[in-house]
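Read the structure below first, then the notes.
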Amino acid sequence: MKKTILCSGNEAIGEAAIRAGLRFYAGYPITPQNELTAYMADQLPRRGGIFIQSESELAAINMIYGASAAGARVMTSSSSPGISLKQEGISYISGAQLPAVIINVMRAGPGLGNIWPAQSDYFQATKGGGHGDYHMIVLAPASVQESFDLTRLSFELADRYRIAVMVLSDGLLGQMMEGLTFDEELAPPAAVEKPWALTGARDRKPNVVRSLFMKRPDVEKNNLVLQKKYRRAAAREVRYAETFMDDATMAVVAYGSVARIAEAVVRRLRAKGRRVGLFRPVTLWPFPSKRLADLSRRVKKFLVVEMSYGQMVEDVRLSVEGRAAVSFYGRSGGGVPTESQIERETLRCLSAPLKKRGR
Amino acid sequence: MAKSYLRPQTLTDVVTHYCPGCGHGILHRLVAEVIDELGIRNSTIAVAPVGCAVVAYDYWDIDCAEAAHGRALAVATGLKRVQPDKIVFTYQGDGDLAAIGTAETIHAANRGENLTVVFVNNAVYGMTGGQMAPTTLLDQKTATTPRGRQAATEGYPLKISEMLAFLSGVVSVERTAVSSPKEVLNTRRAIKDAFMNQMEHKGFSIVEVLSMCPTYWDKTPAAAARWISEEMVKYFPLGKLK
Amino acid sequence: MAKLKINRQRCKSCQLCIVWCPRKNLKLDGTLNEAGVFPAVVIDPANCTGCGMCFVMCPDACIEIEG
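So the sequence lines, in the order shown, correspond to chains V, R and E. Each residue of the first sequence is one higher than the last, beginning at 1 in the numbering used here. Each residue of the second sequence is one higher than the last, beginning at 1001 in the numbering used here. Each residue of the third sequence is one higher than the last, beginning at 2001 in the numbering used here.
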């Protein structure tokens, strides 16, 4: 039975997590994600789960390490400075191959920054803010509805790949309220066998959840297992959305809340007959490189717009490999690109002469 | 028929990496004996620290999680909360529990998590080459206090167990040693009590065990044992603190 | 008469058993073990009461006593 409610991005994430079978949540207060922690405190204990407000974000990530090691579906949430405190834990979770869902409601940085939205944690999320070669699957919602849908998906992917999945929201998406529709009877994603879990070695050999391998070749072997998994996830889990891209000669590339603003600009320019399209990555890792590479054979101009001073733009350039011109416009530190600014940059990009490009 | 003394089943049949005379070896056997005696081998989960005992899972035939340095009690909290019927214990050194992990220790204790902690106090960081630990005694020489620990610059040895005894969530705090047969047997009894507290859902129990580190105390194992009973106990008195 | 067994190859020669044996009935062997140390050995098996002090103090569980 479909149900539609009005709620904030943060609460949508909370509701989706509980409906996805969340069993254990640990969180710590930090604006702009507090509504999610409060939602968990209110709802989770009444709906078959365990809530802990931990002494720090660092303790929280290690608590979900433990609960996940026992086979439970787990989640923690924070905002940028708190996510920095979790990086070591995320590296351990990745090394030990533990499923985990981590929500980052991004705010302006660096340092204490402020509580305004930003996208300046892109590198941290997609390139690994912790030590060692690891990846998280990183999902970027652009609405309250998508915050809900991608949170559910994150539990599925976490269990499927025994991986950490980060939902990269921001202060805008987290705080704003929109309509949210969901199927009340939809069951959580099917449970997954976890023979590796620490449940007490009854009728089996003991399990060890670890990322330390003292014997020389074993850490390399563990890394090769991780790399194989990342290749599998990269081949199957890429997601993106395209608007007016079919005949576009120029594409604006943006994700999350910036993509919403950019879409308004693209629609208005389309109405004036300008052949502009919007390419919106939904998975920031695995990044939709192949699709962008294909597009760049036809589309010769890309404008990347971010609430940062240029992070995703590097992945766009890597994908396009010089086949098209990639320009950038960004504001950070809580600055949100306005429609007029994006429109100005788009028109400038459209009118810029195309330099001769290597094949 | 005189008493038999046999290797506990929970102790795996391997040579440990510990130095000759290291207290960890004795403690691993005691933990294994208690697990055997209480018959909880297939419902017990250990959380290993980062330190000399990081590979404790090689020596116990039970499920074990490895925690990041200092985070064993946060990991144990998660493990225990989702499986309250399982027995979860952490085995931590002084650096793990009382330096980098101080916040996790104090807050797990303050929440009264139903956990058992075996806290091995050997007054140095062994794994990394004998550096000062929070429990290094005044004037004790270590790799990072080459002229002996000075209160003016390194502060005082940390009495973490006394601090934890103040917390309402804490059910039992004991300090014992493995420096003599009498103390080893008393340590075994204390560990067993701490496990039984958990089995009876009483809350947070910790046993601090003064343990020999011959290598980085620069003493023979026997002299290291004497140093505990003659020097360490002056600052870290043995007994039931709570 | 208790039967004491020492796993010579596993002994690390820490000598805690020798120090704490009430009857001073243990000593270091004259030949090296696999690890290249002199392991503990019983001096006179008949003189062992099976009190277990050596077992209690051994960090490497090398000693077993059948009562």
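The C-beta atom is built at its ideal place from N, Cα and C for all residues, glycine as well. All values derive from a computational prediction rather than experimental measurement.
- In the DSSP assignment, Trp116(V) falls outside any alpha helix (DSSP H) and carries neither an H nor an E.
- Residues Ala20, Pro189 of the same chain have their beta carbon placed closer than 8 Å to that of Glu156(V), with the five preceding and five following residues left out of the count.
- Flagged as an interface residue toward chain R: Val2019(E), by a C-beta distance shorter than 8 Å.
- Within chain V, the residues whose beta carbon sits less than 8 Å from that of Asp1063(R) are Leu198, Thr199, Gly200, Ala201, Pro206, Asn207, Val208, listed in sequence order.
- At a cut-off of 8 Å, the C-beta of Arg1189(R) has no neighbouring C-beta in chain E.
- Under a criterion of Cβ atoms nearer than 7 Å, the residues of chain V adjacent to Asn1042(R) are, in order, Gly200, Ala201, Arg202.
- Each residue's CA atom was taken as its position, placing Asp1085(R) and Arg202(V) some 13 Å apart.
- Neighbourhood of Tyr1057(R) in chain V, by CB distance below 8 Å: Pro206, Val208, Arg210, in chain order.
- Taken through DSSP and simplified to helix, strand or coil, Cys2014(E) comes out as coil.
- Residue ranges of uninterrupted beta strand (DSSP E) with 3 or more members, entirely inside the region 266-336 of chain V and ordered along the chain, are 276-281, 283-285, 301-306, 325-330.
- If you keep only unbroken beta strand (DSSP E) runs of at least 3 residues inside the region 73-111 of chain V, you get 74-78, 100-106.
- With respect to the 8 Å criterion, Ile137(V) and Ala26(V) are not classified as neighbours on the basis of their beta carbons.
- Membership of Ala251(V) in the beta strand (DSSP E) is indicated by the continuous run 250-253.
- Using a CB distance cut-off of 8 Å, Glu55(V) counts as an interface residue toward chain R.
- Boundaries cannot be given for Asn1122(R), as no alpha helix (DSSP H) includes it and DSSP labels it neither H nor E.
- In the three-state scheme derived from DSSP, where H, G and I count as helix and E and B as strand, Ile52(V) is classed as strand.
- Look at Gly1169(R): its C-beta is not under 8 Å from any C-beta on chain V.
- From the beta-carbon of Gly21(V), no residue of chain R is found nearer than 8 Å; the closest lies around 12 Å away.
- Within chain E, no residue has its CB atom less than 8 Å from the CB of Tyr1156(R), the nearest being about 29 Å off.
- When Cβ pairs closer than 8 Å are counted between the two stretches, the region 2002-2011 of chain E is seen to touch the region 2060-2067 of chain E, the count reaching three or more.
- When beta bridges are read from the DSSP output, Ser8(V) appears opposite Met177(V).
- DSSP places Leu172(V) within a helical segment (H, G or I) once states are collapsed to three.
- When rounded, the separation of the alpha-carbon atoms in Gly14(V) and Met177(V) is 14 Å.
- What Ile1045(R) touches in chain V, judged by beta-carbon distance under 7 Å, is Leu198, Gly200, going in chain order.
- In the pairwise beta carbon analysis, the region 1187-1203 of chain R is classified as touching the region 1028-1048 of chain R: at least three pairs are separated by under 8 Å.
- Considering only beta carbons, the part of the region 2027-2040 of chain E lying closer than 9 Å to chain R consists of Ala2035, Val2037, in chain order.
- It is roughly 18 Å from the alpha-carbon of Val1178(R) to the alpha-carbon of Cys2011(E).
- Ile90(V) and Ile163(V) have their C-alpha atoms roughly 10 Å apart.
- A direct Cα-to-Cα measurement between Arg46(V) and Gly273(V) gives close to 54 Å.
- With fewer than 16 other CB atoms across the displayed protein chains lying within 10 angstroms of its CB, Val1014(R) is exposed.
- In this structure, Leu1137(R) places its C-beta atom within 8 Å of the C-beta atom of Pro1157(R).
- Closest in alpha carbon position to Gly71(V), among Leu284(V), Leu173(V), Phe24(V), is Phe24(V).
- In the displayed model, Glu156(V) falls within a helix according to three-state DSSP.
- Straight through space, the alpha carbons of Asn1122(R) and Cys2051(E) are spaced by roughly 28 Å.
- An exposed status is given to Glu339(V), since fewer than 16 other beta-carbon atoms sit within 10 Å of its beta-carbon.
- Judged by DSSP in its simplified three-state form, Asp1063(R) adopts strand.
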